[in-house]
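Read the structure below first, then the notes.
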Amino acid sequence: MRRVERYPTEGPNALWQVYRTVSRFKAVRNFAAIQVSRYCPSLPVKNWIYRNVLGMKVGRTTSFALMVMVDVFFPERITVGDNCIIGYNTTILTHEYLIREYRLGDVVIGNEVMIGANTTILPGVSIGDGAVVAAGSVVHRDVPAGAFVGGNPARPIERNRTDR
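Below you can see the structure in the form of structure tokens.
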């Protein structure tokens with residue numbers, strides 16, 4: 144199971160109560176900053192926004208491709224190591240709003256990790272150093288260091304000798 148904190152809610156589904164868990168100001172500010180960074184062509188500027196406006200921990204020479212969507216409500220719970228590539232249109236979530244509860248979990252991405260395009264990373268997941276996540280994957284549990292995973296849900300993929 145992923146490492147998430149669970150918070151039961153009363154009344155309608157948990158998303159109806161979102162502004163009890165995060166301020167409207169924070170949500171709007173984060174949304175604006177994320178939209179700017181999604182289209183920003185400058186990697187250093189993008190990383191500056193992630194670190195200084197959103198409070199993410201982002202390593203040196205890490206590259207976020209065009210259209211990456213980080214968590215709007217709790218981006219400060221995302222850590223990305225040095226020299227990573229986060230592929231086009233990837234989504235990194237640190238929250239889940241469900242019918243009777245919401246969940247929060249840190250996302251930790253190690254050093255030298257490559258995340259393929261259109262990947263979704265769910266809350267409470269760690270991806271180890273040197274791991275590769277294939278495009279279009281849904282990462283729902285931890286990925287060990289050096290692993291190659293892919294699919295929905297993400298599972299280990301055998302590498303050919305020529306892949307290394």
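Mapping to our numbering: the sequence shown position 6 is 149, numbers consecutive.
For glycine and all other residues, C-beta sits at the position ideal for the given N, C-alpha and C.
Predicted model only: the values in this text are computed from it and were never measured.
- Cβ atoms of Val250 and Ile235 come within 8 Å of each other, at about 6 Å.
- Its chain contains Ser180, Cys183, Phe207 as the residues whose beta carbon lies nearer than 7 Å to that of Lys189, once the 5 sequence neighbours on both sides are disregarded; these appear in chain order.
- In the assembly as shown, Leu209 is an exposed residue. Its beta-carbon has fewer than 16 other beta-carbons within 10 Å.
- DSSP lists Val251 as the beta-bridge partner residues of Ser269.
- The straight-line gap separating the alpha-carbon atoms of Val276 and Gly259 is approximately 6 Å.
- Cβ-Cβ distances below 8 Å link Gly293 to Gly259, Val276, Ala277, Ala278, Gly279, Ser280, Ile300 in the same chain, with the five nearest sequence neighbours on each side left out; the list follows chain order.
- Take Glu219, set aside five residues on each side of it, and the residues of its chain with a beta-carbon closer than 8 Å to its own are Leu197, Gly198, Met199, in chain order.
- In the structure shown, Glu301 falls within a coil segment according to DSSP collapsed to helix, strand and coil.
- For Arg284, there is no enclosing beta strand (DSSP E), as DSSP gives it neither H nor E.
- Per DSSP, the continuous alpha helix (DSSP H) segment holding Arg172 begins and ends at 167-182.
- Here the alpha carbons of Ser185 and Gly267 stand approximately 29 Å from one another.
- A distance below 6 Å between beta-carbons, with the five flanking residues on each side excluded, links Phe291 to the following residues of its chain, in chain order: Val275, Ile300, Arg302.
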